[in-house]
Amino acid sequence: SLEGKVAEMADKARETSAAATGEVESLAAKLSAAEAEIRAVKAASDEDSEARSNRLAEMEEKMKTLTQREAELASLNEAASAEIAELKKERENLKEGSEKKKKDSQHTDKLKAVILELKRKLAKMDKLRQKEAQEMSTLKVLLQDAKQKSQEVEETSGHEVQRLESELKTYKARAHMLLQQKDDQLKNTVSTEMADKYKEKITSLEGEVEELLGSRKEIEQAFAELQERHSIEMREAADIHKAELQTREEQVVEAEQQSKQIAGDMEQTLSKVQASLELSEKEKGDLEEKYSSLQETLETYRQESEELKELHETLEKEYKMYKQASEEIIHDKEKEINELNALKDNGRFVQSLRQAASGEEKVAAAGVGASGARAFGGAYGESVPEVGAPPAGSIGPEPEKKGFSLEDDLLGDITSSNIIEAASLQASRDAFLEEYVQRIAELEGEAQEYQKEISMREQLESVLKEELRKKEREESRSNLKNTDMEYLKNIVLKLLETGEYEALLPVVSTLLALSPDEVERVREAYKARAQASDPIDFATKTASDVSNSLYGWMFNK
């Protein structure tokens, strides 16, 4: 019947309206799902932006650390340049003596330490640069991944929106077709009253559909606004990120340029330091050569001093021999002179005796001749021959008889030729003696000069030995880094706590390679401190000083 058909049509209309409402609900659910996806995408974009901001903050912190490290490098470079300038000044100022050797060794040690420190810092900077480059590359990769993800999310959201729009269009077309079919069916089958009722219902359904469509449009508008806002935010974030990346890249490029410049400056300073180190090593080699030459000269001086000592001993022996010979010659000469003086005195005595004897003979001869002539001439009528005249009747002249003569006995061997020979021999001996005395004086002068030279060389040898000892002590002090510093610390603490310098001072002197003068200074300082700290000794000393002053005052009175 007609009512049954109308009921069927109403049921179908209800079913279609229910289907339409179900489709609308499904569309609303899809819209809510799309909104949830949009929210998730927005949350993901917010997380990405937060991650980007965190990464940017990390990059800013790293850039700050990089700037701090660059500042530290600059300060270290300035400190290194200042140290190099100071070392150059020290090297220019210290050019003579053993102090130069000390400070050259210290200078080389400092230069080596500075070079090692600079190399270590350069290696550290290279590591930091590599690490920052790796971090920048990872950040760039992460940013590219975030861009790709955002693009993929935008593409997927755009595809979803397009799909939802196409589905809405198809659903709208299908709903319109269904409504038209229902209208046609109602027009053909239902009466006007029922049609009015169904029209009211349809209008109500259309109003609901329009409301749903309006809400859908509002949702679409909100989605479009959200999409536009998201795209604007993404573009702004991308622009900001690009600008920040560009600034960071510029900063990184500037930092790399600065690091390259710093590395170049450091290489230049290193080359200068190496050149100065080579110069110092060359100077050290020259000093070692000079030291070896000084040792060789010292050895030659030792040999020459030994030779001079031997020569001095031989000259002293010759001098003693010459002196002994000259003393013997002088003694002989004095003996001969005494003999000659005695002979001269004897000659004068003989001459006086001869004169006296000749006078007596003349007187005796005159008296005897006169009396004999008178006596014997008268008696015998003969003349007596004079003394000394030849007797009568003699054939020829008789040889003169040699009578007794003291002069002949004393001066028989002395003639004028012998006296001249003795005088010439004495003159030659005197000249030879003068030559010996002059030679002895020359030898004494040479011996004094050799003695002065030996003393000078001994002084030079002592100075060189002292320099060698100082050098050995400096080398032993430079090798203190190989010693046990804990042991040295304990010994110094024990020495300062107990004051047992007699037992601990030799250990400290051997460890620190102290000179004997330094050890004596420390010992005297400890003794003076001990005397000052001893009240009994101080009281006795003051009492003795007072008693001495009173004694002097009393006796001065």
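Per my numbering: the sequence shown ends with 599, consecutive numbering throughout. Ideal Cβ placement from N, Cα and C applies to all residues, glycine included. Quick caveat, the model's predicted, so the values are computed rather than measured.
Whether R563 touches L547 by CB criterion (9 angstroms): On the sequence shown, residue 563 is found 521 positions in, with the first residue counted as 1. On the sequence shown, residue 547 is found 505 positions in, with the first residue counted as 1. The criterion of a C-beta distance shorter than 9 angstroms is not satisfied by R563 and L547.
Rounded separation between E323 and E330 - CA only: Walking along the sequence shown from the start, residue 323 turns up at place 281. Walking along the sequence shown from the start, residue 330 turns up at place 288. If I take the Cα positions, the gap works out to 10 angstroms.
L475 vs I371 beta-carbon contact at 9 angstroms: Along the sequence shown, read from residue 1 onward, the residue named residue 475 stands at position 433. Along the sequence shown, read from residue 1 onward, the residue named residue 371 stands at position 329. For L475 and I371, yes; Cβs fall inside 9 angstroms.
Close Cβ partners of V405 (< 6 angstroms) along its chain, the five nearest in sequence each way excluded: Stepping through the sequence shown from its first residue, residue 405 is reached at position 363. Per-residue confidence for V405 stands at a pLDDT of 48, beneath the threshold of 50, marking its modelled position as unreliable; no derived number is given.
E207 beta carbon less than 9 angstroms from that of N260: Residue 260 sits at position 218 when you count from the first residue of the sequence shown. Residue 207 sits at position 165 when you count from the first residue of the sequence shown. One point to set straight first is that residue 260 is Glu, not Asn, in the sequence displayed. E260 is not a Cβ neighbour of E207, given a cutoff of 9 angstroms.
Expected contact under 8 angstroms - CB spacing of A489 and L357 to nearest Å: Translated into positions along the sequence shown, residue 489 becomes position 447. Translated into positions along the sequence shown, residue 357 becomes position 315. About 6 angstroms separates the two Cβ atoms, so the contact holds.
For E542, the first and last residue of its enclosing alpha helix (DSSP H): By 1-based counting over the sequence shown, the position of residue 542 is 500. Unbroken run through E542: none, as it is neither H nor E.
CA-to-CA distance, D53 to A60, given in whole angstroms: The residue given as residue 60 occupies position 18 in the sequence shown. The residue given as residue 53 occupies position 11 in the sequence shown. Going by C-alpha positions, A60 is about 10 angstroms away from D53.
E381 at chain B interface by Cβ criterion, 9 angstroms: This model lacks chain B altogether, as it is built from one protein chain only.
Spatial neighbours of L350 in its chain, beta-carbon cut-off 7 angstroms, leaving aside the 5 residues before and after: Residue numbering aside, residue 350 sits at position 308 when the sequence shown is read from its first letter. Once the five neighbours on either side are set aside, the close Cβ partners of L350 are Y492, E495, I496.
Of the listed residues G64, M167, Q269, Q288, nearest to H201 (C-alpha basis): Translated into the one-based positions of the sequence shown, residue 201 becomes position 159. Looking at the Cα atoms, Q269 is the closest of the given residues.
Contact under 9 angstroms by Cβ, R499 with E341: Within the sequence shown, the letter at position 457 stands for residue 499. Within the sequence shown, the letter at position 299 stands for residue 341. Contact: no.
Any non-hydrogen atom of the ligand MG closer than 8 angstroms to S246 Cβ: Annotation note on the ligand MG: not contained in the displayed structure, which lists no ligands.
Cβ pair R290, M178 closer than 9 angstroms: Against the sequence shown, residue 290 aligns to sequence position 248. Against the sequence shown, residue 178 aligns to sequence position 136. The answer is yes: Cβ separation under 9 angstroms.
Assigned exposure category for M276 - 16 Cβ within 10 Å defines buried: Your numbering for residue 276 matches position 234 in the sequence shown. So M276 ends up on the buried side.
Residue closest to L467, alpha-carbon to alpha-carbon, out of I379, A384, E516, L535: Your numbering for residue 467 matches position 425 in the sequence shown. The shortest C-alpha to C-alpha distance from L467 to any of I379, A384, E516, L535 is the one to I379.
Residue nearest to A82 in terms of C-alpha spacing, selected from T198, E114, L553: The sequence position of residue 82 within the sequence shown is 40, counting from 1. Of the candidates T198, E114, L553, the one whose C-alpha sits nearest the C-alpha of A82 is T198.
CA-to-CA distance, K507 to K332, given in whole angstroms: Position 290 of the sequence shown, counted from the start, is the residue given in the question as residue 332. Position 465 of the sequence shown, counted from the start, is the residue given in the question as residue 507. Between K332 and K507, the C-alpha separation is close to 15 angstroms.
Buried versus exposed call for H283 [16 or more other C-beta atoms within 10 Å across all chains shown]: For the purposes of this step, residue 283 is taken as the residue at position 241 of the sequence shown. Here H283 is buried, its C-beta having at least 16 other C-beta atoms within 10 Å.
Whole-Å CB distance - V550 paired with I533, under 8 angstroms assumed: In the sequence shown, the residue the question calls residue 550 occupies position 508. In the sequence shown, the residue the question calls residue 533 occupies position 491. Taking C-beta atoms under 8 angstroms as the contact rule, V550 and I533 qualify, at a distance of about 6 angstroms.
Secondary structure of S557, DSSP reduced to three states: Here residue 557 corresponds to residue number 515 of the sequence shown, with the count starting at 1. Reduced to three states, the DSSP call for S557 is coil.
Residue of T245, L158, A264, Q303 minimising C-alpha distance to A78: Looking up residue 78 in the sequence shown gives position 36. For A78, the closest C-alpha among the options T245, L158, A264, Q303 is that of A264.
Same chain only: Cβ atoms within 8 angstroms of E381, ignoring 5 sequence neighbours per side: Residue mapping note: residue 381 aligns to position 339 of the sequence shown, counting from 1. None.
Buried or exposed (CB count within 10 angstroms, at least 16 for buried), V294: Indexing the sequence shown from 1 puts residue 294 at position 252. Residue burial annotation: V294 is buried, with at least 16 other C-beta atoms found within 10 angstroms of its C-beta.
Separation of K302 from Q193, as counted between CA atoms: On the sequence shown, position 151 is the one that residue 193 refers to. On the sequence shown, position 260 is the one that residue 302 refers to. Cα to Cα, the separation comes out at about 38 angstroms.
Cα-Cα separation, I456 to H373: In the sequence shown, residue 456 corresponds to position 414, counting from 1. In the sequence shown, residue 373 corresponds to position 331, counting from 1. The predicted model places I456 with a pLDDT of 46, which falls under 50 and marks its position as unreliable; any figure quoted below should be read in that light. Taking C-alpha positions only, I456 is separated from H373 by approximately 22 angstroms.
8 angstroms CB neighbourhood of L353 in its chain, flanking five on each side removed: As a working mapping, residue 353 is identified with position 311 in the sequence shown. Hits under 8 angstroms: Y492.
Proximal residues to K106 (C-beta, below 7 angstroms), its chain only, five neighbours per side dropped: The sequence position of residue 106 within the sequence shown is 64, counting from 1. So no residue of the chain qualifies.
Pick from A317, E57, S334 that is closest to L221, judged by C-alpha positions: In the sequence shown, residue 221 corresponds to position 179, counting from 1. The shortest CA-to-CA distance from L221 to any of A317, E57, S334 is the one to E57.
Close Cβ partners of E50 (< 8 angstroms) along its chain, the five nearest in sequence each way excluded: Within the sequence shown, residue 50 is the residue found at index 8, counting from 1. So the list is empty, once near-sequence residues are dropped.
Cβ distance (whole Å) where Y543 is taken to contact L537 below 8 angstroms: Residue 543 sits at position 501 when you count from the first residue of the sequence shown. Residue 537 sits at position 495 when you count from the first residue of the sequence shown. So it is a contact: roughly 7 angstroms between Cβ atoms.
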